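Scroll down for the structure; my scribbles are underneath it.
Numbering (my numbering), first residue to last: 1 to 482.
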């Protein structure tokens, strides 16, 4: 290479840049809140990119739509689109008489949006290629707490609930404290805090409802400063297997996303993400459903939540599946969707949607496990779906076993004994034959609905009701809680 004189002009034939360049900028406090778009062709300009929904005529279209808008209060022009992006602060690098008309600028910005989402898809593809599962896997690691720190966190949260129950002006502190407690990955903070409020039912109820709302209706903060309001929905999935071993990761469940979006009337540009992790009752019970608080943020970032190492789980599953163990299982297909984006009228008759979903569910299951039959339920809000799924599997297990006993032994000599196992989140239901020295005939779990505050008393009422309907006497109930 030859050195150039400081007074000389640049020489050579440079490689022309891409028409649209997207990037971040640095400021004193770090990375700026908004990304930038640079348009390198004439009319050349720079503008800021905002993740912001701005209402305009046509924004509710099922296909892409945009508009140019002027805000007289801010004295600034916006390019708004119905895919959740807006452009503003246009600065042109051309003579004033060459600045584009509003119509021409809108067309340029429309093309920029195509390039932006293509770049976004490319980034996601690169990220997916770094993982054999199509998404980067993330597990939640508990923040370490000494016993002193744990006690202090419990007392602080309980006190915040007490103050908020006495005055609404303390609600922001309760919301922030509950959010922080749930996100530590240490479920004992919230659980023990709400237990400690048994003497203050109003404060306890306020704390519980705050946590339920934060889990089921999370606001996801993105790195660019935008907040995306999500809500969690779920579909109970029942399936039968003939072997031991539990698998909870099904990468092909993400193929349900476009079908759910279309079937639920989700508008163009609204986000819907399906978790490839199938949530089991045991998984939810272990954290008291608190692990779900992380789900929407991970899905929005193109990641997948995992309760533990996926490879280790798969290795254990492969080793255990050699054991013969016929059983009926349940899991929940959980998805995060932008709040209010679902057309609830589309669920008045969910059968067409379920018919379209079922082949994709079958493919996702068969790609990972051996199973016999499967059925998926209509999507509902998270807490309702958990209750519906537990009710379905409990009834189906009891009905199948009762039918078998009726055919082989008759139910008139069958007696039930029930033992609550809090560590398992279930009652163990044992059925005995009175004519055979109360010999044990069979036993199986009657599950308690997973929740941040499980209600075993309600589950026991339902169990006794179903036993009564079958004519089976419940002789004994043992509660192992201390």
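Backbone N, C-alpha and C define an ideal beta-carbon position, used for all residues, glycine too.
Since this is a predicted model, take the numbers as computed values, not measurements.
inquiry  = Quick check: residue 441 and residue 421, are their CB atoms within less than 9 Å of each other?
reply    = Taking 9 Å as the Cβ cut-off, residue 441 and residue 421 do not qualify as a contacting pair.
task = Identify which residue in 119, 471, 64, 97 has its Cα closest to the Cα of residue 415.
result = The option with the nearest alpha carbon to residue 415 is 471.
ask   = Quick one: Cα of residue 110 to Cα of residue 79, how far?
value = A direct Cα-to-Cα measurement between residue 110 and residue 79 gives close to 9 Å.
request  = Give the single residue among 266, 156, 240 whose Cα lies nearest to the Cα of residue 346.
outcome  = If we check each option's Cα against that of residue 346, 266 comes out closest.
request  = Scan the stretch 333-398 and note each continuous alpha helix (DSSP H) run of 4 residues or more that stays entirely inside, going in chain order.
outcome  = 351-366, all fully within the stretch 333-398.
message = Only counting the same chain, and skipping five residues up and downstream in sequence, which positions put a Cβ closer than 6 Å to that of residue 307?
response = Within its own chain, the residues whose Cβ lies closer than 6 Å to the Cβ of residue 307, once the five positions on either side in sequence are excluded, are 283, listed in chain order.
query = Are the beta-carbon atoms of residue 215 and residue 289 separated by less than 9 Å?
reply = When the beta-carbon positions are compared, residue 215 and residue 289 come within less than 9 Å of each other.
key: Residues near residue 76 by beta carbon distance below 6 Å, same chain, minus five either side   = Around residue 76: 88.
ask   = At which residues does the beta strand (DSSP E) containing residue 417 begin and terminate?
value = Element bounds for residue 417: 414-421.
query = For the alpha helix (DSSP H) that residue 428 lies in, which residues bound it at each end?
reply = Note, residue 428: premise wrong, no alpha helix (DSSP H); beta strand (DSSP E) at 426-433.
request  = Thinking residue 273 and residue 300 are a contact (beta carbons under 8 Å), I'd like their distance in whole angstroms, please.
outcome  = Going by Cβ atoms, the distance from residue 273 to residue 300 rounds to 7 Å, so yes, they are a contact pair.
request  = Taking residue 442 as part of the beta strand (DSSP E), name the residues at either end of that continuous run.
outcome  = Boundaries of the beta strand (DSSP E) harbouring residue 442: 439-447, taken from the DSSP string.
key: Beta-carbon contacts of residue 86 that lie in its chain and below 6 Å, excluding the five residues immediately before and after   = So the qualifying residues of the chain are 50, 52, 54, 78, 80.
query = Taking C-beta to C-beta, are residue 135 and residue 276 nearer than 9 Å?
reply = Going by C-beta atoms, residue 135 is nearer than 9 Å to residue 276.
ask   = Under a Cβ-count criterion, where at least 16 other Cβ atoms within 10 Å of its own Cβ denotes burial, should residue 394 be classed as buried or exposed?
value = With 16 or more other Cβ atoms inside 10 Å of its own Cβ, residue 394 counts as buried.
request  = Please report how far the alpha carbon of residue 382 lies from the alpha carbon of residue 458, in whole angstroms.
outcome  = The straight-line gap from Cα to Cα measures roughly 19 Å.
message = Suppose contacts are defined by Cβ-Cβ distances below 9 Å. Is residue 278 in contact with residue 233 by that definition?
response = Annotated as distal: residue 278 and residue 233, with beta-carbon spacing of 9 Å or more.
ask   = Can you tell me whether residue 235 is buried or exposed, with buried defined as 16 or more other CB within 10 angstroms of its CB?
value = Buried: at least 16 other Cβ atoms inside 10 Å.
message = Going residue by residue through the stretch 255-295, where are the continuous beta strand (DSSP E) segments of at least 3 residues, counting only ones entirely within it?
response = You should have 272-274.
query = Does at least one heavy atom of the ligand ATP sit under 8 Å from the Cβ of residue 204?
reply = Inclusion of the ligand ATP in the displayed structure is not the case, the ligand content being empty and no account of it being possible.
request  = Pull up the distance between the alpha-carbon of residue 194 and that of residue 205, whole angstroms please.
outcome  = Each residue's Cα considered, the two are about 8 Å apart.
message = Less than 9 Å between the C-beta atoms of residue 474 and residue 400, yes or no?
response = Contact: no.
request  = For the stretch 363-381 and the stretch 430-441, state whether three or more C-beta atom pairs, one from each stretch, are separated by less than 8 Å.
outcome  = As far as the Cβ criterion goes, the stretch 363-381 does not touch the stretch 430-441, which means the pair count is below three.
Three-state secondary structure assigned by DSSP to residue 1 = Note: residue 1 maps to coil in three-state DSSP.
inquiry  = Under 8 Å: do the stretch 441-452 and the stretch 384-393 share three or more Cβ pairs, one atom per stretch?
reply    = The stretch 384-393 and the stretch 441-452 touch, with three or more beta-carbon pairs separated by less than 8 Å.
Element boundaries [beta strand (DSSP E), containing residue 221] = For residue 221, the uninterrupted beta strand (DSSP E) segment begins and ends at 219-221.
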